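K.L.:
Here it is, the structure in full.
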Amino acid sequence: MFLGGDYKFLLMVMGLSGATSTHACLWCLIHKLDRWDTSKPLNHYNLGEMKRTLDHIKSMLPLKKYSVINKPLFNIELDHIILDELHLMMRVTDRLTENIITEVMERDGEADMRKKRGEKQGIYLESLVSTINKIGIPFSIWEKKNSDGKGSGSYEWTSLIGSDKKKMMELLPAQLAKIDIHYPEIRQTVVQLWSDFHKLYNIISDYDTKAGQYLEVEEKGKKFIDLFCSLAGKRMNYDKKRVTPYMHTIPYHVPHFIKNFSTMKQFTGQGVEKNNDDAKRIFFQKSNKWDVARDVLQSESRQIALQGYEREKRKYNNQNKNYWEEGIVETRKKRQRSQVITSEEPGPSDELTEQEEDLGKLSVSQLKERIKSKNIQKIMDAKKLQEDLRCCVCMNTYTDPKQLPCLHFFCLQCLNDIQRQSKDCDIITCPECRLEFSVENSGNLSDLPTNICVSNMLNVVAIKEGNITEVKCGNCDKRSSNCFFCFHCCSFWCEECVVAHNTIKTNRGHRVRLVNDLRDYDFKELSRRIVGPAFCCKKDHENEELRFFCKNCERAICNICIVTDHKRHTLMLLEDAVDEAKAEVESLINSKKKLIEEKKSKINEVEEKCTKFQNKTSIAKHSARAFADDMIAVIEAKTQEMFEKVDKNSKEVFDFFKRQQSCLEKQIEVIEKDCKETEEFVEQSASVELLRYKSKLEKSPCVFEHETGSHDDLSVFCHLLLEKNDTLMDAVKSQGIGSVKTLQTLTSPDESCVEGKRKCGKSTVGFKERFVITTKNVRGEQCYTEDDRIRVKVVNWDSRDSVTTAQVRDNQDGTYFITNLFAQTGKHEISVTINEEHVRGSPFAVVVKARSVTPVSKFGEQRLHPGSLSKPWGIAVSPCNEIAVTESNANSVKIFSYNGTYLRSFGRKGNKEGEFYYPTGIAFKDGEKILVSDTFNHRVQFFCDHGNYLGQFGGEGSLDHQLKYPHGLFVDSVGNIIVADSGNKLVKFFSPTGFCLKKIGEEYHLKKPFNCIQHDNLFLISDISEHCIKVFDSKGQFQYKIGKRGQGDGEFNEPSHVSVYRPGELIICDSLNHRVQIFKLNGTFVLKFGEKGDNAGEFKRPTSSAVLRDDKIVLIDCFNDRIQILSE
């Protein structure tokens, strides 16, 4: 059974949250912030721990983790749930289209700011829409409107159908490359994004995909996501977090579908959705629902019948075309326009005046909505005014409102109740701000100043509601029903006083209204003026408005207070003080808001940490379960092995019993035969014959031998005993199968990094890769936590097996040295984790290639040059990287620099001190002395590094202190001199003074040793007559040999020299095969290089080798009269 459809539908029916949740992928457990990472292989999310399964969804339901919120509606394995390819295309192109529109609008915004008034704006957006329309796609972009009809600042655009999307993918990239709507630095990348996705979709939507084409989808899908994320930081909406679940499925799950089912096209549900849409349309258009089923079936039948026909477009002729283009506009203009009548003298605020509106342009529904909103607004204004005039203590309209020094006002009765409940009658606490104030005149609260503004507002509301008919004039205290209210003074005026009020020059800007003529918008303004002007709270100053601020006392004061209490104080206008206070308060509010944002950000971090820790908890449980399963599997395997052993042992015992049974049966058969013959004889024979036969029968040993043998065999008892591994059981009981440790660390894996890894991602087999892990905290600072668990895992992508475990060295300062030696060729993945989380850049890929040696340079073959060579034989490298070479024909020693530059030489032919006759082996001792094997003079001579003679030992003979045709030289770890005494078929060890210490070759015969070296307490001797390398231990006991005679890999023809290349590796000069071979110390062949010839990298009888400090190989090419330097 298979299930297909839109991604949101698939998530819903399988019990998962929406596509914006943290783990929105239906087929794997990837976090939404990791969808950009394309470094993982295809099977990373389709196999193993990261794969989501139906059982996993059910197990996560009680925990509500991994975006699982409901029980799956279908018991269908997730491998059989296929994403619809058309919806995949539409959702990805939606994201690409949105990004283009956002970019174009951003560029329009920058360009429009620089334009003068009247210049055309939005040209880039217009060009984009025009371009899409030109390729035959109806498309437009418009600004959304708020409820008041004004622009909201957000935009919407035409939602295209599938065929239009396909057309846009095909034609739009070429048009985008021609027009100038993108920023120049990203234009080419955006065009490439569209083109790449079009090619990718053509492969995905193909009915017949080729074998292995899923790999092409994987590769192109990863490149598409990488190209998308390459624009991150350059333009909006291309961040890594903008990679959608649809985009993630392209390189990781779509190839999996294609690999398993050959194509995704056969699972498309487009035809079913079309039929469903037709059925819904028929149902909602029918007034009589009884005929709906018939109509739906008839519609489907028509579709089936017309599948082979193409629909002809019907022509449409506009009737009265001029009317629909021009006449209708004039008709609408002639419609009656309604005007909202305002007061004769509109207020200064635009909020109090409603402008003339062209209601003829509005539809009926819009008019209803407009009327409804205006009525609601009037009701809201009235309610707001009533709420503002309500005491926050008793929640009723103010009665005798009194103002506290904090400028909050309450009913007098409410304040008295608060005072009675207070322990101190002279102190009252503000119910609003909780500040405490002392009450003068022995705690009489009636002496508190009355808030005149609030009192007047109460009178206005009372008049409006008809509760009172007369109010007191604020000037003459005369009560009148025909009074006026000043919105600036917040006081009432009688008819006589209002004339005087209006004649004052400073009051001419005041807005005065007859109380009975107050409109709705007047009450709206009253609700904003409820605080009104503040009045002084001092006795006898109640009618004085606060106009100044005393900096010394830090309080607002009136004009009288200046004269009485604040002489010589620093004063400023109250408005200026308020402005300063507002600026300070705004700054404080901004800092508080910033602090709130920081706290929210930290909350988000905590939530993310909680989510991650929940994931870690699940992973830990999963790992524990997997480990337990592995242990169970091992136990089951061992149990099976035990069963097999039991069966094997039982079979042996059963065979033994069967042999016993068979033997007894044969004995019975013989005895029965004898008995039968005896009975027959008794019946037929005479008495004399019977007596003779009886004696014969008694003397026969058959019966007794059989009985005896049978008795002995049956006396053996067989038992099958099981020896239990109680130690293992006790260890599991006491130690468990593992431990759980909660670690608190400052280390952030996302900030930690790997330094020193090869940027090219290449390495070579046998070479050590070294890099450094630096642990950092969330601020990017280097930090160190002792309990941090650093793990480095190297996996071969071909086999998916862990091929090696890197060595980690903790420097205890936040850095870790990592050393890894690759043993296999191919592509490898190196994962570096800190506390089970990948560091930044992990995992990274390294391609490991096979080892090869290439020539770097050569020297010595120049004729008539001081550095020319004639049959060079031995070579050695000093601690200062100088190269010393013996010339067997020229009977001299020459010194070169590491790059082949000739430095000096010494020696000539002869048998005196400092003279040579066919010098061969050479070695440096203590970095200052040069040892030379003077082969035909049968001695070893000592020289300083400048060639001055120092001494010698040896002489022709077979005694311990004598030599015969010595060749190779080597200085061991304790400073003794090892000489290959070829003529005596021995290897001798001499002290620095020339005293013979020991010999190798007496017990185990050597035919012709040419060279001997020491490595890891082993001595390796090249025996050219035996065509092998013989290995002895430190006591001179033979261990094993390397190679044999031949021309194949690991075979030799007179190996003349052996030297140490890297730890555990040997360089062997295979002289008559004209090549060099490299071996492991255990004799395993590694590689070979060179062949017979005189070109670079070719040899004629290589005799000796050495290694420079940079691991380059220096090789004697004897019969080519040169030295070659080679490198891996």
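Residue 696 in UniProt numbering sits at position 696 of the sequence shown, with consecutive numbering throughout.
Idealized CB from N, CA, C, for every residue including glycine.
Fair warning: this is a prediction, and the values are worked out from it, not measured in the lab.
(1) Under DSSP, the beta strand (DSSP E) around His828 begins and ends at which residues?
(2) Count the CB pairs spanning the stretch 218-233 and the stretch 47-65 that are closer than 8 Å, and state whether there are at least three.
(3) Does DSSP put Arg434 in a helix, a strand or coil?
(4) In the structure shown, what three-state DSSP assignment does Ala177 receive?
(5) Count the other CB atoms within 10 Å of the CB of Tyr1004; is the residue buried (16 or more) or exposed (fewer)?
(6) What span of residues does the beta strand (DSSP E) with Ser1105 cover, start to end?
(7) Beta carbon of Pro449, beta carbon of Gln403: below 7 Å?
(8) Since Leu16 and Leu26 are thought to touch, with beta carbons under 8 Å apart, how far apart are those beta carbons, to the nearest angstrom?
(9) Just the C-alpha distance for Pro348 and Val512, rounded to the nearest angstrom, thanks.
(10) Name the one or two DSSP bridge partners that Met572 has.
(11) Just the C-alpha distance for Ala279 and Val296, rounded to the nearest angstrom, thanks.
(12) Thinking C-beta only, is Glu887 closer than 7 Å to Pro866?
(13) Classify Asn43 as helix, strand or coil using the three-state DSSP reduction.
(14) For Ile619, which residues in the same chain have their Cβ closer than 8 Å to its Cβ, ignoring the five residues on either side in sequence?
(15) Give me the Cα-Cα distance between Glu436 and Asn604, rounded to the nearest whole angstrom.
(16) Between Asp226 and Val832, what straight-line distance do the alpha-carbon atoms span, to the nearest angstrom?
(17) Would you grab the beta carbon distance between Phe74 and Val129 for me? Rounded to a whole angstrom, and I think it's under 8 Å.
(18) Closest by CA to Val848, which one among Glu1091, Val839, Asn796?
(19) Just to confirm, are Phe896 and Ile875 a CB contact at a threshold of 7 Å?
(20) Indicate whether Lys222 and Thr38 have their beta-carbon atoms separated by less than 7 Å.
(21) What's the gap between the Cα of Lys8 and the Cα of Pro72?
(22) Exposed or buried, Thr708, counting other C-beta atoms within 10 Å across all chains shown (16 or more means buried)?
(23) From His938 to Leu821, what distance separates their C-alpha atoms?
(24) Relative to the C-alpha of Leu1126, which residue among Phe643, Cys1118, Gln824, Ile1113 is closest?
(25) Does Gly814 pass the burial test, meaning 16 or more other C-beta atoms within 10 Å, or should it be called exposed?
(26) Is the CB-CB distance between Lys985 and Val979 below 7 Å?
(27) Helix, strand or coil: which one does DSSP assign to Thr353?
(28) Let me confirm a value: Ser159 is counted as buried when at least 16 other C-beta atoms fall within 10 Å, else exposed. Which label applies?
(29) Look at the alpha carbon of Leu514 and the alpha carbon of Cys550, and state the distance between them as a whole number of angstroms.
(30) Relative to the alpha-carbon of Pro919, which residue among Arg789, Pro966, Gly947 has its alpha-carbon at the smallest distance?
(31) Nearest to Phe1038 by alpha carbon, out of Val794, Lys999, Ser1059?
(32) Ignore the nearest five residues each way along the sequence and tell me which others in Met90's own chain have a CB closer than 7 Å to its CB.
(33) Between the C-alpha atoms of Glu1098 and Leu42, what's the straight-line distance to the nearest angstrom?
(34) Considering only residues of the same chain and omitting the five flanking positions on each side of Ser1104, which have a CB-CB separation below 6 Å?
(35) Compare the C-alpha of Asp1111 against each of Val585, Lys241, Asn881, Glu77 and name the closest.
(36) In whole angstroms, what is the alpha-carbon distance linking Asn889 and Phe1119?
P.N.:
Taking the definition as stated:
(1) 826-834
(2) no
(3) coil
(4) helix
(5) exposed
(6) 1102-1107
(7) yes
(8) 6 Å
(9) The predicted model places Pro348 with a pLDDT of 39, which falls under 50 and marks its position as unreliable; any figure quoted below should be read in that light. Their Cα atoms are separated by approximately 13 Å.
(10) Phe549
(11) 6 Å
(12) no
(13) helix
(14) Glu49, Glu836
(15) 40 Å
(16) 22 Å
(17) With a Cβ gap of about 43 Å, Phe74 and Val129 do not count as contacting.
(18) Asn796
(19) no
(20) yes
(21) 14 Å
(22) Its pLDDT being 41, under 50, Thr708 is placed unreliably by the model, and nothing is read from it.
(23) 45 Å
(24) Ile1113
(25) buried
(26) no
(27) Model confidence at Thr353 stands at a pLDDT of 38, short of 50, so the residue's coordinates are unreliable and nothing is read from them.
(28) exposed
(29) 38 Å
(30) Pro966
(31) Lys999
(32) Gly162, Lys165
(33) 45 Å
(34) Gly874, Ile875, His1057, Ile1116
(35) Asn881
(36) 11 Å
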